[in-house]
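Below: the structure, in C-alpha cells.
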Amino acid sequence: MNQKTNNKKAVSYNKWGYIFLIPFVVVYVVFQLIPLFTTIYNSFFEHYRSGLTQIGPNFVGFDNYKALLSQGDLLIYFKNTMIMWIMGFVPQIIVSLLLGAWFSDPQLRLKFTNFFKTVIYLPNLIMASAFAMLFFTLFSDSGPMNSILINLGILDQPFKFLSNTWSTRTLIAMMNFLMWFGNTTILLMAGMLGIDTALFEAAEVDGATSTQIFYKITLPLLRPILIYVMITSLIGGLQMFDVPQILTNGSGDPMRSTMTLIMYLNKHLFSKNYGMAGALSVLLFIVTGVLSMIIFKFTKSEND
Amino acid sequence: MKKKMISAVLTAAMLAGMTVGSVLPVSAEAAEEGKVLNIYCWNEEFKSRITDHYPGYEEVDATHGKIGDVDVVWNITPSDDNAYQNNLDEKLLAQADAAADDKIDLFLIEADYALKYVDTEYTMNVADLGITADDLAQQFGYTQDVVTDSNGVLKGVSWQGCPGLLIYNREIAKEVFGSDDPAEVQKAVADWDTFKATAATMKEKGYFMTSTTNDAYRVFSNNVTSKWVDGTTINVDANIKSWVDMSKEMVDAGQTNTYDLWSDDWSKGFYPDGKVFCYFGPAWFYDFSMAGDTEGSIANQGGWATTEGPQGFFWGGTWLCGAAGTDNASLVKDIMLQMTCNADVMTEIAKADGDFVNNKGAMEALSTDESFGDAILGGQNPIGKFLAGIDSIDLSNLSNYDQGCNEEFQAAMKNYFDGNATYEEALEQFYTAVIEKYPELTKPEA
C-alpha cells in the first residue's frame with residue numbers, strides 16, 4: 000500500500016519535468032527545427048524575387064546544388080573562410096594556453112589575476128560590427144595608423160591596408176583573435192584548474208621541469224576542453240560574417256579574397272533567393288558536421 | 004420543386020451580385036475618401052517641404068500631421084542596406100489585402116531604382132489621378148523620363164531637378180589657370196580629352212583632379228547609348244568602358260584615388276588640405292554635403308564655383324508616386340499638383356531650400372536674378388549653367404537593374420584600378436555580383 004502511493008508520487012513528479020521542458024521545446028521547434036526543415040525543403044526550388052515580381056517556387060530538384068558546386072566560387076569562399084579562421088585561431092590558442100597556464104599556476108603568485116581576466120575578456124563585449132567599424136577607420140588610407148607610420152618615417156606614402164589581400168585578411172584574423180582569446184583563456188583556465196594538483200606535485204617531486212609538466216600532464220588532461228574549444232571555434236569560424244562584412248562593406252574585396260561563406264549566403268538575400276540560399280545553407284550544414292566529426296574522431300582516437 | 008427553388012434563389016443571388024458589382028465602383032468614388040494618408044519615404048526631406056510649403060498642412064508630431072480632417076502618417080525607413088525598398092516591397096505586395104487606412108497612398112522613389120516600381124501595376128498612372136499634360140508642361144523633360152514606364156505612361160512626378168555641374172576649387176583654379184572665372188575653367192574641362200590633360204597639369208602642381216574615380220562615374224553612366232541589360236543579358240556600354248579606361252589611366256598616374264563615395268577619405272577634398280580640384284554634383288551636393296557648416300572647409304569660405312564640365316548629367320532627385328489602391332486619390336492629386344506644378348510654391352521652395360525646382364519658368368526667372376547667389380559658390384548664381392546642361396540629359400537607356408549594376412560595377416572596377424585584378428577578372432566579378440542580385444540575368448557570351 001505504502002509502496003504504491005510512493006510510486007504514484009514519483010510519476011506525478013515526472014510530469015513536471017516535461018512541463019518545464021515545454022518552453023524550450025516550443026522555442027526549439029519553432030525557431031530551429033522548422034526552419035531547418037524548410038531550409039532543406041526550399042533548397043529544391045527556384046524561388047526568388049526580381050523587383051516586385053515573385054519568381055517561383057518551382058521545383059528544380061538538385062539544380063541549385065549543381066549551380067553552386069559547378070561555379071567553383073564556393074570553394075574559394077570556403078578557402079577564404081578557413082584561411083582567416085586559421086590565421087586567427089592559431090595565435091588565439093597559443094596565447095590562451097600561455098595565459099591560462101600562467102593564471103592557473105599557483106607558483107607564479109600573480110597579482111590582480113581577476114583584473115586581467117576581466118580585461119582580456121572585454122573585447123568580446125564590444126559588438127563585432129562596432130569593432131570592425133573602428134578598425135575600418137583606424138586603417139583607412141588617411142586614417143590614424145597610416146599617419147603614425149608616415150610620421151615615424153616607416154612609410155613614405157599611405158599603405159592601402161584594405162586594398163591588399165593579405166593585409167585585409169590579417170586585419171580580420173587579428174580582430175577575431177582579439178575578440179575571442181579572452182573567452183578561450185577562461186575556458187582553458189577552467190580546464191586547467193580542474194586538474195588534480197596532486198599530479199603536478201607528484202611530477203615536481205619526480206623532478207619534472209615546468210615544460211615537461213605542461214606537455215606531459217596539463218595538455219593531455221586538457222584534451223576534452225581543447226576539443227570543445229576547437230569545435231566551437233571551428234563552427235564559429237565557418238560562420239564568420241560580421242567582421243569581414245562590415246570591414247569590407249559587404250564586398251569581400253579585394254577581389255572577393257575576404258568573402259566568407261556566410262557573406263556569400265547574405266548576397267542571395269538581396270533577391271530573396273530562398274532556393275540558392277537554402278542550398279548553400281544545407282551544404283554549409285554538411286561541411287560543418289563533417290569537419291566537427293573529423294576533429295572529434297581524430298582527437299578521441301588518440302586518447303584511446 | 005425544391006430544386007427549382009434553389010436555382011431561383013441562386014439566380015437571384017447571382018443577379019444581386021452582378022448589380023452590386025457594377026454599382027460598387029461608382030459608389031466608392033462618390034463615397035468619402037479615407038481619413039488616413041500614408042506616405043512612405045526614407046528621410047525628412049519631403050516631410051519638411053510639405054510642412055513648410057503645402058497649404059493647410061499642420062504638423063502634429065515627428066511622424067504625424069493633418070491636412071483638413073485627414074491624418075497624415077509618415078512612414079520613414081532609411082535607405083541603408085536597402086531597408087527602405089525591402090519594407091516598401093512587402094507593403095506594396097500586401098496592398099490589396101490591407102485595410103483602407105493601412106494602404107500606402109503616396110510613396111517616394113529615387114531615379115536609380117525608379118523603373119522597379121514604375122514599371123509595375125503597383126504605381127498609379129498620373130493621368131488617372133486627374134493631372135493633365137498642361138499641369139505638367141513646365142516640368143523638365145528628363146524628370147518625366149525617369150518615371151515613364153515601358154509603355155510610355157507617366158507614373159510619377161518630382162518637385163526637384165538635379166542636373167549636375169563640375170564643382171571646382173577656386174584657389175586651385177587661380178593658381179593653375181590664373182583665373183577662377185567659370186568661362187576660363189570650362190576651357191580646361193570642355194571634354195574628356197582636355198579633362199585628362201588638365202588632370203596631368205594638376206598632378207604636376209601637386210593636386211588631385213578628382214577625389215575618386217567614382218566622382219565622374221555618373222557623368223559617364225548618364226550618357227550611355229545602350230541599357231545595362233539587353234533582354235536578360237548583361238551589357239556594358241561603350242561609354243562605361245571609356246570611364247574604366249580613363250579612370251585606370253588617372254589612378255595609375257596618381258591623378259585621382261579609388262575611395263568609396265561618402266567615405267572619410269573621399270571627403271578630405273572638402274578641405275584645403277585635401278588638394279582636390281573638382282567634384283561632380285548637383286545643387287544639393289554643394290549645399291548640403293560639402294561640409295558648408297564646418298569652420299575651415301572650402302565651402303564655408305565660399306571657395307567653390309561651378310561650370311558645365313565635359314558632359315551633362317544628373318544625380319539624385321525624389322519622385323512622388325501614387326500607390327495603386329489608394330483611398331485618398333484626390334488628396335494625392337492635390338499634393339502632386341501643389342508641390343510639383345504650382346509655380347508659386349516652387350519658387351518659394353527654390354528660394355527657401357535651395358532646391359533646383361522642377362519648373363522651367365521659375366528657374367529661368369531665378370537664373371537672371373542678380374540677388375540670387377550661393378554663398379558656398381562665392382556668390383555665383385549657377386542656375387543658368389544648370390539650365391544649359393539639363394536639356395542634354397537623355398534617359399532613354401534606363402533599365403530596372405540600374406541600381407544594382409551601377410553599384411556592383413564601381414565596386415568590381417575598384418579592384419582593377421587598385422591593381423588587384425585585370426579588367427577581365429574585375430568584369431567577371433561584376434557579372435557574378437549582378438547575377439547574385441538578379442538571378443534571372445545572364446552574362447554575355449564571350
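Here the protein sequences line up with chains A and B, keeping their order. Per our numbering, the first sequence runs over residues 0 to 303. Per our numbering, the second sequence runs over residues 4 to 449. Here a beta-carbon is modelled for each residue, glycine too, at the ideal position from N, C-alpha and C.
- V360/B has Q163/B as its beta-bridge partners, per DSSP.
- When 9 Å is used as the limit between beta carbons, Y64/A is near no residue of chain B, the shortest such separation being about 15 Å.
- Here M178/A has P122, N123 as same chain residues with Cβ atoms under 6 Å from its own Cβ, once five neighbours each way along the sequence are excluded.
- Residues of chain B with a Cβ closer than 9 Å to the Cβ of I54/A are, in chain order, P442, E443.
- Between V279/B and T204/B, the beta carbon gap of about 15 Å keeps them out of contact (Cβ cut-off 8 Å).
- When C-beta atoms of the stretch 251-268 of chain B are compared with those of the stretch 139-158 of chain B, fewer than three pairs fall below 8 Å, so the two segments do not count as touching.
- At least 9 Å separates the beta-carbon of W77/B from that of M342/B.
- Each residue's CA atom was taken as its position, placing N238/B and K206/B some 34 Å apart.
- Residues of the stretch 236-269 of chain B with a Cβ closer than 9 Å to any Cβ of chain A, in chain order: N260, T261, Y262, D263, S266, D267, D268.
- With respect to chain A, the C-beta atom of T123/B has a partner C-beta closer than 9 Å.
- Taking V121/B as reference, the option from L161/A, G50/A, M83/A with the minimal CA-CA separation is G50/A.
- Here L369/B has A353, F375, I386 as same chain residues with Cβ atoms under 7 Å from its own Cβ, once five neighbours each way along the sequence are excluded.
- Minimum Cα-Cα distance from D252/A among the listed residues L187/A, Q211/A, T298/A, K159/A corresponds to K159/A.
- 9 Å or more divides the Cβ of I147/A from the Cβ of P157/A.
- Look at T169/A here: in three-state DSSP terms it is helix.
- At a cut-off of 9 Å, the C-beta of F160/A has no neighbouring C-beta in chain B.
- Distance from the CA atom of L157/B to the CA atom of V150/B, rounded to whole angstroms, is 6 Å.
- For M126/A, the closest Cβ of chain B is not nearer than 9 Å.
- Within its own chain, the residues whose Cβ lies closer than 8 Å to the Cβ of F283/B, once the five positions on either side in sequence are excluded, are G167, L168, L169, I170, T213, D218, A219, R221, V222, G312, F316, W318, listed in chain order.
- The closest CA to that of V73/B, considering only K38/B, M249/B, D152/B, is found on K38/B.
- Note that the C-beta distance between E178/B and K208/B is below 9 Å.
- K266/A is the residue among T287/A, L290/A, S280/A, K266/A whose C-alpha sits nearest the C-alpha of P442/B.
- In terms of beta-carbon proximity, D421/B lines the interface with chain A, with at least one pair separated by less than 9 Å.
- Per DSSP, the unbroken alpha helix (DSSP H) holding K199/B starts and ends at 195-207.
- D100/B counts as exposed, since fewer than 16 other C-beta atoms from the protein chains shown sit within 10 angstroms of its C-beta.
- Within chain B, the residues whose beta carbon sits less than 8 Å from that of K266/A are A436, E439, K440, listed in sequence order.
- Under the three-state reduction of DSSP output, L268/A falls in the coil class, being neither helix nor strand.
- Looking at D421/B, K69/B, A186/B, the one whose alpha-carbon comes closest to that of V254/B is D421/B.
- Neighbours of D72/A in chain B, taken as residues at a C-beta separation under 8 Å, are given in chain order as T435.
- Rounded to whole angstroms, I42/B and K94/B show a C-alpha spacing of 12 Å.
- Excluding five sequence positions before and after A100/A, the CB atoms of its chain that fall closer than 8 Å to its own CB belong to M191, F213, T217, given in chain order.
- In this chain, the alpha helix (DSSP H) harbouring V121/B covers 117-121.
- Secondary structure at A202/A: helix, using DSSP grouped into helix, strand and coil.
- Listed in chain order, the non-local C-beta contacts of G407/B below 7 Å within the same chain comprise V437, K440, Y441, local neighbours out to five positions each way being set aside.
- Residues of the stretch 404-418 of chain B with a Cβ closer than 8 Å to any Cβ of chain A, in chain order: G407, A414, K417, N418.
- Assignment of beta-bridge partners to E113/B by DSSP yields T321/B.
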